[in-house]
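Everything on this sheet refers to the single structure shown next.
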Amino acid sequence: MIDGPYYVLTVLGVLGTGLTAGVFCAFSTFVMRGLAALPPAQGAAAMRTVNTAAVRPAFMLVFLGSTLLCAVLTVVTFVLWPTEGAVELLAGGALFLVGSFGVTAVANVPRNDALARLEPGSGEAAAYWPRYVREWTRWNHVRTVASAGAALAYVLALTG
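Quick note on the numbering used here: the sequence shown kicks off at 55 and runs consecutively.
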């Protein structure tokens, strides 16, 4: 069984990846639907505001802290290779690092940046908005499943 500081790190991994999954799930299940129902200028303006508000200590601590924690757990698992939970710990780390952090960096943030460069009331923004919502949400589904999968893998590592 996992114990000591390694146990605490894994429990924190469950908490961080689970909280992140919850945030992403909220966006996938109702926030983006609500924003998409607004006229393009209002939806784009609201999403730009949300994107700015997300880069605050509370969410960054959860998201980037979880990313760092997953990286540490993955490295420690490779070095120590515990007799129990190693596969689950590596799976959890891979799911979060690639499917949550990686997808955020290569799919969601670039779309946020593109939206931020457009004037919300412009024709260009109105044309981009439906594609933004569709693509951003599709990638957000990936982040949701990957984060929840990471939390589950860490739970399985603790209980296995």
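We treat Cβ as the ideally placed atom computed from N, Cα and C, and that holds for glycine.
* **Between the CA atoms of tyrosine 182 and valine 61 - distance to the nearest angstrom** => By one-based count along the sequence shown, residue 61 stands at place 7. By one-based count along the sequence shown, residue 182 stands at place 128. Just to set this straight, residue 61 is tyrosine in the shown sequence, not valine. About 46 Å.
* Asked: Span of the alpha helix (DSSP H) holding methionine 55?
  -> Translated into the one-based positions of the sequence shown, residue 55 becomes position 1. Run containing methionine 55: none; DSSP gives neither H nor E here.
* Pick helix, strand or coil for valine 109, following the three-state DSSP scheme. => Against the sequence shown, residue 109 aligns to sequence position 55. Correct three-state label for valine 109: coil.
* Asked: Rounded to whole angstroms, how far is the Cβ of threonine 64 from the Cβ of leucine 127, which I believe are closer than 8 Å?
  -> In the sequence shown, the residue the question calls residue 64 occupies position 10. In the sequence shown, the residue the question calls residue 127 occupies position 73. The Cβ separation is near 7 Å, so the contact holds.
* Asked: If you draw a straight line from the C-alpha of glycine 214 to the C-alpha of valine 141, how long is it?
  -> Here residue 214 is taken as the residue at index 160 of the sequence shown, counted from 1. Here residue 141 is taken as the residue at index 87 of the sequence shown, counted from 1. Taking the straight line from one Cα to the other gives about 11 Å.
* Asked: What do you get for methionine 101, buried or exposed, if any count of 16 or more other CB atoms within 10 angstroms of its CB means buried?
  -> On the sequence shown, position 47 is the one that residue 101 refers to. Methionine 101 should be labelled buried.
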